[in-house]
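The structure under discussion appears below in the form of structure tokens.
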Amino acid sequence: MKTQYQMRVRKDRTADYQDLPLGIGSATEIRTFTVNLPSIEEVLQKTKDLEAIQGYEIISIILIHEDNREQLGEDFDWEDA
2 MKTQYQMRVR
12 KDRTADYQDL
22 PLGIGSATEI
32 RTFTVNLPSI
42 EEVLQKTKDL
52 EAIQGYEIIS
62 IILIHEDNRE
72 QLGEDFDWED
82 A
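Its first residue numbered 2, the sequence shown is counted upward by one per residue in our numbering.
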């Protein structure tokens with residue numbers, strides 16, 4: 002299995018929605034990418050200039066491994082870890 006990382010990025014979208022009649026206080030867009038690279042350093046290096054994530058803030062980078070593939074997310078039981 003190749004080394005994979007899940008990278009999550011976010012961008013403040015409040016200005017895009019502030020004129021809506023709903024009175025939204027704030028809005029945030031979150032995107033998730035899965036990349037096949039050998040190290041976290043290479044993930045940061047190769048993604049820093051991607052146009053698709055310009056203006057986004059990296060909020061997490063998680064190593065995906067066979068042992069934790071099913072555990073990423075809300076179903077992970079930390080008591081059994």
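Ideal Cβ positions, reconstructed from N, Cα and C, are used throughout, including at glycine.
- Beta bridge pairing from DSSP links Q5 with I65.
- From the listed residues K12, Y6, V36 and K3, the smallest Cα separation to I54 is found for K12.
- A distance below 7 angstroms between beta-carbons, with the five flanking residues on each side excluded, links E30 to the following residues of its chain, in chain order: R11, K12 and R14.
- In its chain, beyond the 5 residues on either side, Y6, M8, V36, L38 and I62 have a beta carbon closer than 7 angstroms to the beta carbon of V44.
- Membership of I54 in any alpha helix (DSSP H) is not indicated, and neither H nor E is assigned to it by DSSP.
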